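Scroll down for the structure; my scribbles are underneath it.
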Amino acid sequence: MLFLLAKIGPISVGVGANHWREYTDGIYNKTDCGPHSHAVLAVGYTDEYILIKNSWGSSWGEDGYIKLARGSNICGINDFTLYPIL
Numbered sequence: 016m017l018f019l020l021a022k023i024g025p026i027s028v029g030v031g032a033n034h035w036r037e038y039t040d041g042i043y044n045k046t047d048c049g050p051h052s053h054a055v056l057a058v059g060y061t062d063e064y065i066l067i068k069n070s071w072g073s074s075w076g077e078d079g080y081i082k083l084a085r086g087s088n089i090c091g092i093n094d095f096t097l098y099p100i101l
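Residue numbers for the sequence shown follow the numbering used here, so the first one is 16 and each next one is one higher.
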């Protein structure tokens, strides 16, 4: 997924987001996210996290974003990716 993000830019991903309402800041690394139930946009990454833009508005998380820990398929981030083929 990171290869696609670097090559084509933001991509849509499906995630389990059962406990995301309580997220405020920092790198999210909880593994009990529930089943895939929410679609978000992966917009960037660092060595430590994948930056996700959510649709819940800028008052949620870090100005509307969440940082998901890399390397563990946190919340099933790598299971469902959608991107255009041009």
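Backbone N, C-alpha and C define an ideal beta-carbon position, used for all residues, glycine too. Keep in mind that this is a model prediction, so the values were computed, not measured.
Cβ-Cβ distance between residue i and residue j below 8 Å
i: ALA32; j: HIS53; result: yes
i: ILE23; j: TYR98; result: yes
i: ASP40; j: GLU63; result: no
i: VAL58; j: PRO25; result: yes
i: HIS51; j: PHE95; result: yes
i: LEU17; j: TYR60; result: yes
Span of the alpha helix (DSSP H) around residue i
i: ALA21; result: 17-23
Environment of residue i [buried if 16+ CB atoms lie within 10 Å]
i: ILE89; result: buried
i: ILE65; result: buried
i: LEU83; result: buried
i: ILE67; result: buried
i: ILE92; result: buried
Extent of the continuous beta strand (DSSP E) run through residue i
i: THR96; result: 95-97
i: ALA54; result: 53-60
i: ALA84; result: 80-84
i: LYS45; result: Neither: LYS45 is in no beta strand (DSSP E) and is coded neither H nor E.
heavy atom of the ligand NAD below 7 Å from residue i C-beta
i: GLY79; result: Summarising the ligand content, the structure contains no ligands, and the ligand NAD is consequently not present.
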